[in-house]
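Residue numbers (UniProt numbering): 1 to 548.
Notes for the one structure printed next.
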Amino acid sequence: MALTFLRGIQLNPSMLYPSSYFARKHGVLYCCMRSAQTQTATQEKEQTKLKVSTQSQPKAVDKFLKDFEAVIGIETHVQLSTLTKAFCSCPYNYGSPPNTSVCPVCMGLPGALPVLNSKVIECAVRVGLALNCKLSLNSKFDRKQYFYPDLPKGYQISQFDIPIASDGYLDVDLPLEYGGGHRKFGITRVHMEEDAGKLLHTDGGSYSQVDLNRAGVPLLEIVSEPDMRTGIEAAEYAAELQRLVRYLGVGNGNMQEGSLRCDVNISVRPIGQLEFGTKVEIKNLNSFSSMSRAIDYEISRQVELHNQGQIDQIVQETRLWEEGAQKTVTMRKKEGLADYRYFPEPDLPGVTLTEEYVNSIRESLPELPEDKRRRYEKMGLSMQDVLFLANDINIADFFDTTTAGGADIKLAANWIMGDIAAYMKNEKVTINEIKLTPQELGELIASIKDETISGKIGKEILFELIAKGGTVKGLIKEKDLVQIVDTAEIEKMVDKVIADSPKQLEQYRGGKTKLQGYFAGQVMKESKGKANPKLLNKILSEKLNAKN
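In structure tokens form, the structure reads like this:
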């Protein structure tokens, strides 16, 4: 019956809704709703006029925070990379035409019943364990009641009083350019829920179109403790969460696609005061740098109001970050705590985990970013190297595979962070898309160390391996690149260059010793870059400084 009904939706939408609620654009069906004009500008005018400079925000924040302390917490929504949605068999692919991946369940049609995707539970347990949380072996789903145009059922299936994981923490290493150091931020809870649809706003602002493709996509909401004090700490916390979900393979964490969404709660209080100030929520943060700047601006705004004796102007509200204007603006006021009228979801059974199930997932966890960073430190790498290599799981795997074959640890790190990273940036490719393999990078490093080839020739080979593939030994043989280490052969080339450069020789012996570089370059040119640099410089120095 449900399938027959769904066919009816696809063939004739007017069976369900009056035609005025639908619009067709490029052959795709949209559900439309009328909306009031945006009130942001009006709300801003009503606020007390306050100017906070957006220039040099970190310096301004440092100045303001001499007498105040910021308190920051983050609610993060992680979209899970499951094949189907949380409670139905619809797939979800970012960028699909609107309303092409929907069914009676995710559209909230009467009589449609949800069936839990077991992969959602597995992902939640993986994240809970990785965040050092206590798992609830018996949890449940709840209905969270609220109205919003892109929430077709009129409620969201979520978790309320018994989240699947709670009381954890996340370890974060701050970048050296921001002073470095290690932080541990508390995790209040991790719970499962479904996503809502998406409103597509028109340019005129007179109406919005509803795309329900995203409705029912599984999410994990990760709520932090209010442990952060600066924009940098908050941004690095969020970046570490992104790193974690990618390492675990539970989501892609792309902020631009909405796969990782962070809502930041900020308040300020005089130093020494135990009571929290009035909390303000910031949305519309689509990058970590935007998050840091938005927090710094909001801290400055609130502290300025404190200093002006206008604390009553700091109200509980949701504000948006405007990237162009580099400031936060009012989105909506919060008159009080929302009454979501939670009650247990009657259409889903409780979630029961066994110790065996949890242990099997625990044993399958990969090496996590924090553990990888500590291991790299023990290998003798600098913190700069550690943070770069562990940032991307694919780069870390490439490095680990290279060194597992016996390659020099520091040289492998240098090649990956230097020439290979530069190539990937210029060509806009990932390390999985280049032709170079970890085994051949190890072979290249070994060939330079045992002086089979010079470092200069090594670079030339590297770029060919990255772009076209192949083997180090094959390229050395094909191009006849074996380094010349025969003393007599190098001496002949040095004698020829000196004989051909009498003027430079006279200048050198007259005190212009920097000309040794000129002679070395000429010999390298003569040898087509194959002369051993160390042996070449030794012979050249002896010849140039020999008495007539």
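In this text, a Cβ means the ideal position worked out from N, Cα and C, and glycines have one as well.
Determine the direct distance from the alpha carbon of residue j to that of residue i, and round the result to whole angstroms.
{"i": "residue 266", "j": "residue 318", "result": "11 Å"}
{"i": "residue 215", "j": "residue 347", "result": "18 Å"}
{"i": "residue 315", "j": "residue 420", "result": "50 Å"}
{"i": "residue 104", "j": "residue 343", "result": "23 Å"}
{"i": "residue 220", "j": "residue 306", "result": "36 Å"}
{"i": "residue 257", "j": "residue 78", "result": "11 Å"}
{"i": "residue 239", "j": "residue 363", "result": "25 Å"}
{"i": "residue 289", "j": "residue 376", "result": "26 Å"}
{"i": "residue 516", "j": "residue 438", "result": "37 Å"}
{"i": "residue 479", "j": "residue 465", "result": "13 Å"}
{"i": "residue 68", "j": "residue 203", "result": "41 Å"}
{"i": "residue 43", "j": "residue 261", "result": "Low per-residue confidence applies at residue 43: pLDDT is 40, beneath 50, and the placement is therefore not dependable, though the value from the model is reported in the following sentence. Spanning the two alpha carbons is a distance of roughly 25 Å."}
{"i": "residue 355", "j": "residue 127", "result": "16 Å"}
{"i": "residue 245", "j": "residue 430", "result": "18 Å"}
{"i": "residue 396", "j": "residue 120", "result": "27 Å"}
{"i": "residue 259", "j": "residue 320", "result": "19 Å"}
{"i": "residue 451", "j": "residue 483", "result": "7 Å"}
{"i": "residue 161", "j": "residue 406", "result": "52 Å"}
{"i": "residue 323", "j": "residue 294", "result": "9 Å"}
{"i": "residue 21", "j": "residue 99", "result": "In this prediction, residue 21 scores a pLDDT of 40, lower than 50, which makes its location untrustworthy; no coordinate-derived value is stated."}
{"i": "residue 118", "j": "residue 358", "result": "14 Å"}
{"i": "residue 434", "j": "residue 460", "result": "16 Å"}
{"i": "residue 106", "j": "residue 241", "result": "28 Å"}
{"i": "residue 113", "j": "residue 153", "result": "11 Å"}
{"i": "residue 349", "j": "residue 326", "result": "47 Å"}
{"i": "residue 136", "j": "residue 416", "result": "42 Å"}
DSSP has residue i in a bridge; who is on the other side?
{"i": "residue 270", "result": "68"}
{"i": "residue 549", "result": "No answer is possible for residue 549: it lies beyond the span of the chain, which begins at 1 and ends at 548."}
{"i": "residue 169", "result": "186"}
{"i": "residue 344", "result": "142"}
{"i": "residue 283", "result": "320"}
{"i": "residue 76", "result": "222 and 262"}
{"i": "residue 194", "result": "218"}
{"i": "residue 201", "result": "208"}
{"i": "residue 329", "result": "320"}
If contacts are defined as beta-carbon pairs under 8 Å, then residue i and residue j qualify, I think. What distance do you get, rounded to the angstrom?
{"i": "residue 264", "j": "residue 285", "result": "7 Å"}
{"i": "residue 155", "j": "residue 140", "result": "Contact doesn't hold; Cβ gap of about 15 Å is too wide."}
{"i": "residue 190", "j": "residue 361", "result": "Not confirmed; about 14 Å, so no contact."}
{"i": "residue 454", "j": "residue 533", "result": "6 Å"}
{"i": "residue 188", "j": "residue 223", "result": "4 Å"}
{"i": "residue 441", "j": "residue 412", "result": "7 Å"}
{"i": "residue 226", "j": "residue 108", "result": "Contact doesn't hold; Cβ gap of about 35 Å is too wide."}
{"i": "residue 520", "j": "residue 545", "result": "Incorrect: roughly 14 Å between the Cβ atoms, too far for contact."}
{"i": "residue 134", "j": "residue 167", "result": "5 Å"}
{"i": "residue 251", "j": "residue 80", "result": "5 Å"}
{"i": "residue 369", "j": "residue 247", "result": "6 Å"}
{"i": "residue 116", "j": "residue 165", "result": "That pair is no contact at about 17 Å."}
{"i": "residue 498", "j": "residue 543", "result": "6 Å"}
{"i": "residue 171", "j": "residue 158", "result": "Between residue 158 and residue 171 the Cβ distance is about 28 Å, and since that is not below 8 Å, they are no contact."}
The ligand SAM and residue i: does the residue's C-beta get closer than 7 Å to at least one heavy atom of that ligand?
{"i": "residue 343", "result": "This structure lacks the ligand SAM; in fact it carries no ligand of any kind."}
Inter-stretch contact at 8 Å, needing at least 3 Cβ pairs: the segment 270 to 279 / the segment 141 to 155: A contact between stretches requires three or more CB pairs, one per stretch, nearer than 8 Å, and the segment 270 to 279 fails this requirement with the segment 141 to 155.
Three CB pairs or more closer than 8 Å across the segment 369 to 386 and the segment 422 to 440: At 8 Å Cβ cutoff, the stretches do not touch.
Cβ pair count under 8 Å reaching 3, the segment 523 to 530 against the segment 499 to 513: Under the Cβ criterion (8 Å, minimum of three pairs), the segment 523 to 530 does not count as touching the segment 499 to 513.
Alpha helix (DSSP H) segments (min. 4 residues) lying fully within the UniProt domain "Asn/Gln amidotransferase" (397 to 544): For the alpha helix (DSSP H) assignment, the uninterrupted runs of no fewer than 4 residues enclosed by the UniProt domain "Asn/Gln amidotransferase" (397 to 544) are, from N- to C-terminal side, 409 to 415, 421 to 427, 438 to 449, 455 to 468, 472 to 478, 487 to 499, 502 to 509, 516 to 526 and 533 to 544.
Alpha helix (DSSP H) segments (min. 4 residues) lying fully within the segment 217 to 269: Segments of the alpha helix (DSSP H) lying fully in the segment 217 to 269: 231 to 248.
Touching by the beta-carbon criterion (3+ pairs, under 8 Å), the segment 192 to 205 and the segment 75 to 90: At 8 Å Cβ cutoff, the stretches touch.
Secondary structure, alpha helix (DSSP H): runs of 4+ residues fully inside the segment 89 to 152: List check, alpha helix (DSSP H) in window: 118 to 130.
contact_flag[the segment 228 to 247, the segment 163 to 183] where n(CB pairs < 8 Å) is 3 or more: Between the segment 228 to 247 and the segment 163 to 183 there are three or more inter-stretch CB-CB distances shorter than 8 Å, so the stretches are counted as touching.
Segment contact, 8 Å Cβ cut-off, at least three pairs: the segment 92 to 100 with the segment 199 to 217: Yes, they touch.
Stretch pair the segment 443 to 461 + the segment 471 to 489: three plus CB contacts closer than 8 Å: Three or more Cβ pairs drawn from the segment 443 to 461 and the segment 471 to 489 lie within less than 8 Å of each other, which places the two stretches in contact.
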